[in-house]
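Colleague: Residue 13 in the numbering used here sits at position 10 of the sequence shown, with consecutive numbering throughout.
Quick one: structure below, then a few questions.
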Amino acid sequence: MVKDTLNSMLDNIKERTTNPFLGTLLVVWIIRNWTLVYGLFNFDKGFTLDKKLKYIADHYQSQAFVPNLLIVVAITFLVLVSTYCMLTLGRLITDTYDKFVIPYLAKITDKSSIVLKTEYKALEEVVKQLEIRLEEERLAKVSAQSERDKSDEKLFKYLNPSPELQTNGVTDELDSTFKRIEKRFQDEESRDNLNSTLSAIQTKRSLPKGGATVSLLAREGLIQVTTIEINNPGMAFFEFTDEGRKFLRRWNSINS
Numbered sequence: 004m005v006k007d008t009l010n011s012m013l014d015n016i017k018e019r020t021t022n023p024f025l026g027t028l029l030v031v032w033i034i035r036n037w038t039l040v041y042g043l044f045n046f047d048k049g050f051t052l053d054k055k056l057k058y059i060a061d062h063y064q065s066q067a068f069v070p071n072l073l074i075v076v077a078i079t080f081l082v083l084v085s086t087y088c089m090l091t092l093g094r095l096i097t098d099t100y101d102k103f104v105i106p107y108l109a110k111i112t113d114k115s116s117i118v119l120k121t122e123y124k125a126l127e128e129v130v131k132q133l134e135i136r137l138e139e140e141r142l143a144k145v146s147a148q149s150e151r152d153k154s155d156e157k158l159f160k161y162l163n164p165s166p167e168l169q170t171n172g173v174t175d176e177l178d179s180t181f182k183r184i185e186k187r188f189q190d191e192e193s194r195d196n197l198n199s200t201l202s203a204i205q206t207k208r209s210l211p212k213g214g215a216t217v218s219l220l221a222r223e224g225l226i227q228v229t230t231i232e233i234n235n236p237g238m239a240f241f242e243f244t245d246e247g248r249k250f251l252r253r254w255n256s257i258n259s
């Protein structure tokens, strides 16, 4: 019977300990009143019920219930506060060790094999910004090269005033360029790809800068970059050059 009672009491304690306050309160009360608890489970066989009740009454006469309970509650609060303070201090020590001691030791022992996460993130951001700037400069260089070629062409026309011959020469060159491009898009899939690209440029939609079709048109001087997407440096907006508009009209007439 005593064993069953103890098991029931332990099960109840386990359930109550899910609440930190109640669990702590129960433990503190048992410790302060251990003689009463011990006596309840260890009465001699000769003890009658009246004697047992008198034993309990004598206990509470020597220790008033309410003051005793208030002391237990006060101790419970003190224990809880102390416990959480220790947990906080322990967390502080752990975080300090992880964030300051370990990185400091890493710097001393081996600077080449261990890099702080903050330094890695900072360097990664720097590399990303450099890649964006490199791509912008590359596109700007292509655009500048295209503009320089146009300027050279205008200068040549100015220094060599033969309008008819020059026009015929430019027309022949454009015709050769157009035919060369058209040969690259003879099958249905490639034509669809080119049509999608031309439509995107006309409707001011962004395109991947490294796309095969976009690269070809830019290399041939038919399109040029206007702006680059800020949130996605791999995407850019393009516009047709004068030659590009001529090619667009020719392509539409062929595929209409």
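Using N, Cα and C, we set each Cβ at its ideal position, and we do this for glycine too.
Keep in mind the model is a prediction, meaning the values are calculated, not measured.
Report the partner residues of residue 211 according to the DSSP bridge assignment.
Modeller: Looking at the DSSP assignment, residue 211 forms a beta bridge with 238.
Colleague: Run through the segment 67-134 for me and flag every whole alpha helix (DSSP H) of 4 or more residues, listed as ranges in chain order.
Modeller: Runs found: 68-99 and 105-112.
Colleague: Say whether the segment 197-214 touches the segment 230-242, bearing in mind that this needs 3 or more beta-carbon pairs closer than 8 Å, one atom from each stretch.
Modeller: The segment 197-214 is in contact with the segment 230-242.
Colleague: For residue 187, which residues from the same chain have a beta carbon less than 6 Å from its beta carbon, with the 5 sequence-adjacent residues on both sides left out?
Modeller: Excluding sequence neighbours, residue 187 sits near nothing in its chain.
Colleague: Of all the options 197, 153 and 192, which has the alpha carbon lying nearest to the alpha carbon of residue 245?
Modeller: Comparing Cα-Cα distances from residue 245 to each of 197, 153 and 192, the minimum goes to 153.
Colleague: Taking the Cβ atom as the reference point for each residue, do residue 83 and residue 27 lie within a distance shorter than 7 Å?
Modeller: Yes, they are a contact pair.
Colleague: What number of angstroms, rounded off, separates the C-alpha of residue 87 from the C-alpha of residue 130?
Modeller: Their Cα atoms are separated by approximately 44 Å.
Colleague: Out of 102, 222, 134 and 197, state which residue places its alpha-carbon closest to the alpha-carbon of residue 121.
Modeller: Nearest of 102, 222, 134 and 197 to residue 121, Cα basis: 102.
Colleague: Quick one: Cα of residue 110 to Cα of residue 104, how far?
Modeller: So the two alpha carbons sit approximately 10 Å from each other.
Colleague: Since residue 145 sits in a beta bridge, which residues does DSSP pair it with?
Modeller: Answer is none; residue 145 lacks a bridge partner.
Colleague: Among 155, 177, 162 and 191, which has the Cα closest to the Cα of residue 253?
Modeller: When each option's Cα is compared against that of residue 253, the closest is 177.
Colleague: Report yes if the C-beta distance between residue 223 and residue 180 is below 7 Å; otherwise report no.
Modeller: Yes, they are a contact pair.
Colleague: Going by CA-CA distance only, name the one from 142, 138 and 77 that's closest to residue 31.
Modeller: Answer by Cα proximity: 77.
Colleague: By the DSSP assignment, the beta strand (DSSP E) with residue 206 in it spans what residues?
Modeller: Unbroken run through residue 206: none, as it is neither H nor E.
Colleague: Skipping 5 residues on each side, what residues in its chain have a beta carbon closer than 7 Å to that of residue 135?
Modeller: Within the same chain, residue 135 has close Cβ partners 236.
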